[in-house]
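Asks: Residue 147 is where the sequence shown starts when you use my numbering, and the numbers rise one by one after that.
Every residue, glycine too, gets a C-beta built ideally from N, C-alpha and C.
One structure, pasted below without further comment.
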Amino acid sequence: MTITLPQVMGDLLPTGAPPQWRVAVDRAAQLLAPRWPTGPVERAPLGVFASLALILYALHRTQSQEPAAVPMSALRDVLDGDLDANDEPVTIKTLIVEGLSAAGHRVHDAEPVMCRAAARVLHQDAPLVVTTPFGAVDVPIGMGGAVPGPSELRSAAAWLKRMLGALDEDTIAALAPAPQPAGPVNVMVIGQVLIISDDSEALVQCAECQQDERGQLAVDGDQVTYTCAQGHISAQRQLGSGHVRQAIARTQADDGVSGPLYVADARLPADADPATLHPVRAACL
Ligand SMILES: [Zn+2]
147 MTITLPQVMG
157 DLLPTGAPPQ
167 WRVAVDRAAQ
177 LLAPRWPTGP
187 VERAPLGVFA
197 SLALILYALH
207 RTQSQEPAAV
217 PMSALRDVLD
227 GDLDANDEPV
237 TIKTLIVEGL
247 SAAGHRVHDA
257 EPVMCRAAAR
267 VLHQDAPLVV
277 TTPFGAVDVP
287 IGMGGAVPGP
297 SELRSAAAWL
307 KRMLGALDED
317 TIAALAPAPQ
327 PAGPVNVMVI
337 GQVLIISDDS
347 EALVQCAECQ
357 QDERGQLAVD
367 GDQVTYTCAQ
377 GHISAQRQLG
387 SGHVRQAIAR
397 TQADDGVSGP
407 LYVADARLPA
417 DADPATLHPV
427 RAACL
């Protein structure tokens, strides 16, 4: 299942997201819509959409340009900016950090959503990267990862430069409006919720009473919560919002998931299919 623009937009727009961030997300979607990969083979690099939204937001904060009206020349200047010795786009990194700072935020702040998005794409404590059938995947420190690997921003910036570098103002003026972002999702899961990677599985449980069945799974922007049958609500930081959206979409259930729900591990691309990940589990899916 492909990752659609409305899904990546929805992942960046929790309820209460700041209005100027919404405008930046909308504008990023508008610019990328004609180029967004729709097939199963070609895929956009991880974090590419968030990176563009962060650049537009940062240009707004640092250069007082409305996110919806950033001229192509300003965007191109940023995309053509400097790389460091590891090919990390330092000009863009600095811009994003300064943009958040101009709005009174820091990368890694828990709120608002832009800070969490920036922490993900900048990966300032970037862990080791291994190559899997789904592409490069980070290994967290403590699970074998120790050497900083490339940030998501590195490949995202190179892709954006290729995709947007040749755009002119006339083409931009003729772009269709952005699609509607995916809204919050809230479903009852009768069975357990399992997080599947290619070599492990983990269970989602209530943090208070450890119940793991007949819970309510909710996604709002990039935040995932699990409400157990007793009504305890726990944040589920190990679950990727896009991964949960994909898992629910895969069941094609509108009003609830009757059995267990298999969600791909957050370190994998959001559209990784658990059925192809876990050989033992695959037989039961
Ligand atoms: Zn509970």
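(1) List the endpoints of the continuous beta strand (DSSP E) containing T422.
(2) Is the number of C-beta pairs between the stretch 395 to 403 and the stretch 351 to 361 that are closer than 8 Å three or more?
(3) Tell me, which residues are paired with D366 by DSSP?
(4) Measuring only from the beta carbon, is Q357 closer than 7 Å to any heavy atom that is part of ligand 1?
(5) Give the DSSP-derived three-state secondary structure of L274 in the structure shown.
(6) Please determine, among L385, L407, A231 and T397, the residue with the shortest C-alpha to C-alpha distance to P415.
(7) Could you check what DSSP says for P180 in three-state terms: helix, strand or coil?
(8) Could you check what DSSP says for I287 in three-state terms: helix, strand or coil?
(9) Q362: beta carbon under 7 Å from a heavy atom of ligand 1?
(10) Please name the residue in A220, V194 and D172 whose C-alpha comes closest to that of P152.
(11) Indicate whether the contact test is met: 3 or more Cβ pairs, each with one atom in the stretch 215 to 222 and one in the stretch 313 to 323, closer than 8 Å.
(12) At a cut-off of 7 Å, would you count Q382 as near ligand 1, judging by its Cβ distance to the nearest heavy atom?
(13) Using a Cβ-based criterion (distance less than 7 Å to any ligand heavy atom), does Q376 qualify as near ligand 1?
(14) Counting pairs of Cβ atoms below 8 Å between the stretch 338 to 352 and the stretch 239 to 246, do you hit three or more?
(15) Give me the residue from A163, L202, A418 and A381 with the minimum Cα distance to L178.
(16) Flag this pair as yes or no: are the beta carbons of A302 and P191 separated by less than 8 Å?
(17) I need the straight-line Cα distance from A256 to D226, nearest angstrom please.
(18) Suppose you measure from the CA of V365 to the CA of N232; what does that come to, to the nearest Å?
(19) Would the beta-carbon of E188 be found less than 7 Å away from any heavy atom of ligand 1?
(20) Taking only the alpha-carbon atoms, compute the straight-line gap between L198 and P160 and give it to the nearest angstrom.
(21) Go ahead and label H254 buried or exposed: buried means 16 or more other beta carbons lie within 10 angstroms of its beta carbon, across all protein chains shown.
(22) Would you tell me roughly how many angstroms separate the C-alpha atoms of I149 and D157, rounded to the nearest one?
(23) Where do the N-terminal and C-terminal ends of the beta strand (DSSP E) with L340 fall, by residue?
(24) Please give me, in chain order, every unbroken run of the beta strand (DSSP E) with length at least 3 that falls completely inside the stretch 292 to 356.
(25) Which same chain residues, not among the five before or five after G288, have their C-beta less than 8 Å away from its C-beta?
(26) Which residue spans inside the stretch 207 to 279 form an unbroken alpha helix (DSSP H) run of at least 4?
(27) Beta carbon of C261: closer than 7 Å to some heavy atom of ligand 1?
(28) Tell me the DSSP secondary structure of S404 in three-state form.
(29) Less than 7 Å separating the Cβ of E354 from some heavy atom of ligand 1?
Replies: Taking the geometry as given:
(1) Translated into the one-based positions of the sequence shown, residue 422 becomes position 276. It is not in any beta strand (DSSP E) - T422 carries neither H nor E in the DSSP assignment.
(2) no
(3) Here residue 366 is taken as the residue at index 220 of the sequence shown, counted from 1. In DSSP, D366 forms a bridge with Q369.
(4) Within the sequence shown, the letter at position 211 stands for residue 357. Indeed, a heavy atom of ligand 1 lies less than 7 Å from the Cβ.
(5) In the sequence shown, residue 274 corresponds to position 128, counting from 1. In this prediction, L274 has a pLDDT of 48, which is less than 50 and means its spatial position is unreliable; nothing more can be read from the coordinates.
(6) By one-based count along the sequence shown, residue 415 stands at place 269. Of the candidates L385, L407, A231 and T397, the one whose C-alpha sits nearest the C-alpha of P415 is L385.
(7) Here the question's residue 180 lines up with position 34 in the sequence shown. Helix at P180.
(8) The sequence position of residue 287 within the sequence shown is 141, counting from 1. Residue confidence for I287 is low, a pLDDT of 45 falling below 50, so the modelled location carries little weight; the figure read from the coordinates is stated next. Strand at I287.
(9) Here residue 362 refers to the residue found at position 216 of the sequence shown. Q362 Cβ: outside cutoff for every heavy atom of ligand 1.
(10) To locate residue 152, count along the sequence shown from 1; it is residue 6. Minimum Cα distance to P152 is reached at D172.
(11) yes
(12) As a working note, residue 382 is residue 236 in the sequence shown. Not so, every heavy atom of ligand 1 lies at least 7 Å from the Cβ.
(13) On the sequence shown, position 230 is the one that residue 376 refers to. Yes, since a heavy atom of ligand 1 falls inside the 7 Å radius drawn around the Cβ of Q376.
(14) no
(15) Position 32 of the sequence shown, counted from the start, is the residue given in the question as residue 178. It is L202 whose Cα lies nearest to the Cα of L178.
(16) Here residue 302 corresponds to residue number 156 of the sequence shown, with the count starting at 1. Here residue 191 corresponds to residue number 45 of the sequence shown, with the count starting at 1. For A302 and P191, yes; Cβs fall inside 8 Å.
(17) Start at 1 with the first residue of the sequence shown, and residue 256 comes out as number 110. Start at 1 with the first residue of the sequence shown, and residue 226 comes out as number 80. Cα to Cα, A256 sits roughly 30 Å from D226.
(18) As a position in the sequence shown, residue 365 is number 219, starting the count at 1. As a position in the sequence shown, residue 232 is number 86, starting the count at 1. Using only the alpha carbons, I get a separation of about 35 Å.
(19) Along the sequence shown, one-based indexing puts residue 188 at 42. For ligand 1, not one heavy atom lies less than 7 Å from the Cβ of E188.
(20) Sequence index remark: in the sequence shown, residue 198 carries index 52 (1-based). Sequence index remark: in the sequence shown, residue 160 carries index 14 (1-based). L198 and P160: Cα-Cα distance of roughly 18 Å.
(21) Along the sequence shown, read from residue 1 onward, the residue named residue 254 stands at position 108. Counting of Cβ neighbours within 10 angstroms places H254 among the exposed residues, the total staying below 16.
(22) Taking the sequence shown and counting its residues from 1, the one referred to as residue 149 is at position 3. Taking the sequence shown and counting its residues from 1, the one referred to as residue 157 is at position 11. The alpha-carbon atoms of I149 and D157 are separated by roughly 11 Å.
(23) Counted from its first residue, the sequence shown places residue 340 at position 194. L340 -> beta strand (DSSP E) spans V339 to I342.
(24) 331 to 335, 339 to 342 and 347 to 349
(25) Mapped onto the sequence shown, residue 288 falls at position 142. Because the pLDDT at G288 is just 48, under 50, the model does not fix this residue reliably, and the value given afterwards should be weighed accordingly. Within the same chain, G288 has no close Cβ partners at all.
(26) 218 to 225, 236 to 248 and 259 to 268
(27) Locating residue 261 in the sequence shown gives position 115, counting from the first residue. Within 7 Å of the C-beta of C261 there is not a single heavy atom belonging to ligand 1.
(28) In the sequence shown, the residue the question calls residue 404 occupies position 258. It is coil, neither helix nor strand.
(29) Here residue 354 refers to the residue found at position 208 of the sequence shown. Residue side-chain check: E354 places its Cβ nearer than 7 Å to a non-hydrogen atom of ligand 1.
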